[in-house]
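Comments concern the structure below.
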Ligand SMILES: Cc1ncc(COP(=O)(O)O)c(C=O)c1O
Ligand SMILES: Cc1ncc(COP(=O)(O)O)c(C=O)c1O
């Protein structure tokens, strides 16, 4: 994947849409318009077929069996690991730990790598982080007296890079940031930050939950030390996610969970660990979903991540334009589509996001309303909640138009003026 | 389920077999004879259909969305919890934490409840435990100076109950035992042990990985405080398991993983927890597999757990009889079928278990060979490894016969005498 | 797929509900506050603060502040209108009756839910039940704290709505 | 489903392999031990202990003990027969060549694998590759420890076979 210099072939959302059976569903008598992709994406037929195929031909427990099914299941499971490594251009498949989700990946780093930290050490986060990249560090701070620092955001929803530079110091042992905000859409300059982090001797943890599904992500050229993401946000099954790491770091880390698969030798009161990445995978893993996930990577690779990004960039540009034109919405995050991923958070000052989402739902339109697991950011933006529309490879301008019509209809429903200014 | 006093209707393994598509597969030109059910079971068509149905109609992220799909996905996810609670007769669905597997469930107890232990406290385990019920406690012992004690086993592979009584003391804070050994098959008298544990003030942790799938298990009448098991060993999907607990205990425990879903309020440097069981479920859970698992419970409930147990008891009795009659095998575990679950471990003193499993595989017979994640038990039995045949609801006497023929053929292949003495 | 009868928006946003939402009652500050509680819905970030004046065990005044959706606002507004003049026990009985209705049970005989009946349609919208309950959960907490001698409490819909 | 050509058992258990398995060479204790290592396959519990006598950097004697399956035993027996008379570097080259073959690569030009060629079929049985490699992984460790000045080492197939 990485390094292919072929020209970007535009993706065809209609053709892609046909691959997702759920998109033929009706909601309240309307065709489903699914705009909640930042929460989770839908799954293509090939992922469902791969799941069914695993269970109807090769299901067995992995790593320990001589029999044919066990061998096949093991090969399928390990194939997921190498496919993921290739997808993000990791240096080595041994650096890919298969976990439940991005949250578990970040917790693993915070707990295991975090165990090397103590009083006086600092972890640098930001005001735009998801709870999954805040709470594990808050737990670490409680346990080990580590200090948390937070990069503030600018008025237009970007990381304040000057403040970031000022916060970095030799005390900084970890910098952990989202590559793309799930509320603001902001794409953060991770490569630049990673270089700065390394200069002060910190490790760079990248929350790739939103970036890996929606743009080309190259672990090595980012200079990441750890990268966390979830399969379910990238057209893969629920229940499986990844921690991609530099193998040397994993080698030095202690496991956080004990049991089958992760051991080398066990005595009643002594245990030694298996090699990486196995020492971090205790118990029977989520084999079926690992076997199925490469089908999602096939789709993304066939589409091409540059094309995915170009499509969503175009779509968010169109959405920003149409939503701004309504005139009554507060939009959060940078207004420049180049600086943001394919999602937009907005607030109608007169209709609570919950009510807005409810009205949209009756028209078959699925958006998310709430704090998006970013309560500190909500406080910073001085809102209780926002509504958020987030795009995937199967969305197109018609979906944006349906959203805009829905927002106008909501105003009408609640008896508010709702003339489009556009 | 619990308390139904209807007579046990014998199950029909042939009819059940028809429900499992993989059992129509050929391996090396032979119909698959799947005897590795203690490692993982196969999945019925209804589980596959439920999985597909979830993804093609209701897939969304849970707990936070107003839209229809999110509401449906949440209802399906929470339905799994209440179905599991009912299946094991838990006092309250709030006591059911959805995890990845039995291993994660035991780790959760060892880490979170274990954090209340310290020097001088003791954890009582046994010589027949799976690594998943040894290593988490070894890790705890390392961290907190807790002492581990182990109930020895008798010559015929049962817990030495006199030794157990002698090991229990007011220092014992946790008793954690398997309800059914995955190597010996031994069914342990958990209710009696739980009562004894409670008398000294210890909590009773039950590793139900092998018992819950194969016999009626009633959380309340066992007197369990915690019960761990995996869906994949009970005809459900991989990637999902359960910790069933008394809610009061969960209330008092700290979460071990932080992120979305599990919080009440998050500030940049402070977080408070959601209510149980949510505070233990950080990040997007394995929604699809939770939605699908009740289909496996449907099958088990329709079959009836007493009938499942009766079937497997009968089958293991037949297997013990036929394997003993061969005359050259070492059999491990109690020879009384009433005292054991539907699995049998054996060693041909002249053929290494790996080689035996390999020969069986060429005949389409899947058995496990190895230490079965029970290295201390292997040492106790003075073997490097055993071969193990383990039964499920779709196995019948023909499968046992195929196994016996395979064992005879292996002897012939390796040029050893192999006359049946039976 | 979950069976779910098609629901009309108007079931949720009845006339009476919309009226309370647009002109919420009970916003004015009280001269004296005897009990107060802060309620929080972690699912959506909604917050309410309930302040009560009591004379003996009779509620004489109620103020409802905060930010919430139409359902939450209307529910709080109805509460502010209903409970003054009632005893603490009566207010708690109303809260209990309303919770029963929200969870699909019939209102216990004899309870007059007044305007709250207009929120009956909310029960069909599982996520929104918490919105409707937030003011009432908070009220219950304020009264509990007042009985226990304290006069401040913090509560969440999760804590009290978990049993449903 | 993984593509997997149907494999015959005889590919795994060739005549030569079975012969080494039945009458393993190199079981006799050495008069002098200059290097030793303990190898362990955590997947199946197999263990081997390799002891070596060296004269300068030439292996003069090898003992292979332990318990393992037919493949592991045969592989160890072949080793005990092959390496005496060879230098440490030559023994290591043989180990490297054998590993290459086990992982589907051609043997580096010029290496004579001797009886080990009979184990070629093992490469089709992914799990069994570790069985065949265990004695060689352990040998490599014994020689490494000897070079490093120590004379004892512990190794596992996982550690060295992970890169494959
Ligand atoms: C007795 C016992 N406990 C625990 C486990 C661990 O189960 P899992 O690997 O699903 O976590 C197993 C199965 O391997 C088992 O047999
Ligand atoms: C930026 C970001 N980080 C982390 C997560 C957590 O992902 P998951 O819930 O799959 O662990 C999410 C999604 O909810 C996210 O948007």
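Protein chains in written order, with the working numbering: chain A, 22 to 443; chain B, 22 to 443; chain C, 45 to 208; chain D, 45 to 208. Cβ coordinates follow ideal geometry from the N, Cα and C atoms, glycine included. All values reported here derive from a predicted model rather than from experimental measurement.
Which residues DSSP lists as bridging residue i, in chain order
i: residue 55(B); result: 387(B)
i: residue 144(A); result: 169(A) and 195(A)
i: residue 343(B); result: In the DSSP output, where bridge partners are listed per residue, residue 343(B) has none listed.
i: residue 351(B); result: 368(B)
i: residue 411(B); result: 57(B) and 364(B)
i: residue 250(A); result: 263(A)
i: residue 134(D); result: Residue 134(D) is not bridged to any residue.
i: residue 99(C); result: 102(C)
i: residue 9(A); result: Residue 9(A) is absent from the model: chain A starts at 22 and stops at 443.
i: residue 108(C); result: 94(C)
i: residue 47(A); result: 52(A)
Residue from the options whose Cα sits closest to the Cα of residue i
i: residue 83(C); options: 57(C), 98(C) and 108(C); result: 108(C)
i: residue 10(B); options: 188(B), 152(B), 247(B) and 358(B); result: Within the shown structure, residues of chain B are numbered from 22 to 443, placing residue 10(B) beyond reach of any answer.
i: residue 197(B); options: 236(B), 278(B) and 146(B); result: 146(B)
i: residue 407(B); options: 58(A), 68(A) and 85(A); result: 85(A)
i: residue 264(B); options: 240(B), 163(B) and 257(B); result: 240(B)
i: residue 257(B); options: 272(B), 398(B) and 58(B); result: 58(B)
i: residue 188(D); options: 133(D), 63(D) and 59(D); result: 133(D)
i: residue 293(A); options: 139(B), 157(B) and 62(B); result: 157(B)
i: residue 140(D); options: 158(D), 168(D), 111(D) and 184(D); result: 184(D)
i: residue 66(C); options: 159(C), 80(C) and 121(C); result: 121(C)
i: residue 439(A); options: 262(A), 315(A), 344(A) and 237(A); result: 344(A)
i: residue 134(A); options: 99(A), 108(A), 226(A) and 210(A); result: 226(A)
i: residue 159(D); options: 190(D), 172(D), 118(D) and 136(D); result: 118(D)
i: residue 313(A); options: 404(A), 429(A), 80(A) and 400(A); result: 80(A)
i: residue 173(C); options: 371(A), 375(A), 171(A) and 416(A); result: 375(A)
i: residue 392(B); options: 323(B), 366(B), 411(B) and 413(B); result: 366(B)
i: residue 186(A); options: 163(A), 160(A), 216(A) and 301(A); result: 216(A)
i: residue 331(B); options: 303(B), 132(B), 434(B) and 417(B); result: 417(B)
i: residue 402(A); options: 144(A), 352(A), 415(A) and 319(A); result: 352(A)
i: residue 103(C); options: 80(C), 86(C) and 60(C); result: 80(C)
i: residue 219(B); options: 412(B), 64(B) and 195(B); result: 195(B)
i: residue 364(B); options: 42(B), 60(B), 41(B) and 51(B); result: 60(B)
i: residue 396(A); options: 106(C), 87(C) and 145(C); result: 87(C)
i: residue 103(A); options: 137(A), 65(A), 311(A) and 287(A); result: 311(A)
i: residue 224(A); options: 269(A), 325(A) and 255(A); result: 269(A)
i: residue 55(C); options: 379(A), 409(A), 432(A) and 413(A); result: 379(A)
i: residue 381(A); options: 168(A), 409(A) and 111(A); result: 409(A)
i: residue 181(C); options: 144(C), 156(C) and 193(C); result: 144(C)
Practice task
Determine, using beta-carbon pairs with one atom in the stretch 30-49 of chain A and one in the stretch 196-203 of chain A, whether at least three such pairs fall under 8 Å.
Solution key: no
Exercise for the section: Please confirm if the stretch 79-89 of chain A is in contact with the stretch 87-94 of chain C, defined as three or more CB-CB distances below 8 Å between the two stretches. Expected result: no
Problem - Segments assigned alpha helix (DSSP H), at least 4 residues, entirely inside the stretch 173-229 of chain B - result: 182-188 and 211-220
Exercise for the section: Examine the Cβ distances between the stretch 43-55 of chain B and the stretch 273-284 of chain B and report whether three or more of them are shorter than 8 Å. Expected result: no
Handout entry: the stretch 294-303 of chain B touching the stretch 117-135 of chain B, judged by at least three CB pairs closer than 8 Å
Key = yes
Problem - Cβ contact check for the stretch 223-241 of chain A and the stretch 172-183 of chain A: 3 or more pairs under 8 Å - result: no
Exercise for the section: Inspect the CB distances between the stretch 183-196 of chain B and the stretch 235-244 of chain B and report whether three or more fall short of 8 Å. Expected result: no
Handout entry: Cβ contact check for the stretch 118-137 of chain D and the stretch 96-104 of chain D: 3 or more pairs under 8 Å
Key = yes
Exercise for the section: Count the CB pairs spanning the stretch 68-79 of chain B and the stretch 64-73 of chain A that are closer than 8 Å, and state whether there are at least three. Expected result: yes
Handout entry: beta strand (DSSP E) runs wholly inside the stretch 261-297 of chain B, at least 3 long, in chain order
Key = 262-266, 284-288 and 291-294
Handout entry: the stretch 159-176 of chain B contacting the stretch 325-335 of chain B, beta-carbon criterion three pairs below 8 Å
Key = no
Problem - Contact between the stretch 66-79 of chain C and the stretch 151-168 of chain C (3+ Cβ pairs under 8 Å) - result: no
Problem - Touching by the beta-carbon criterion (3+ pairs, under 8 Å), the stretch 123-140 of chain A and the stretch 417-434 of chain B - result: no
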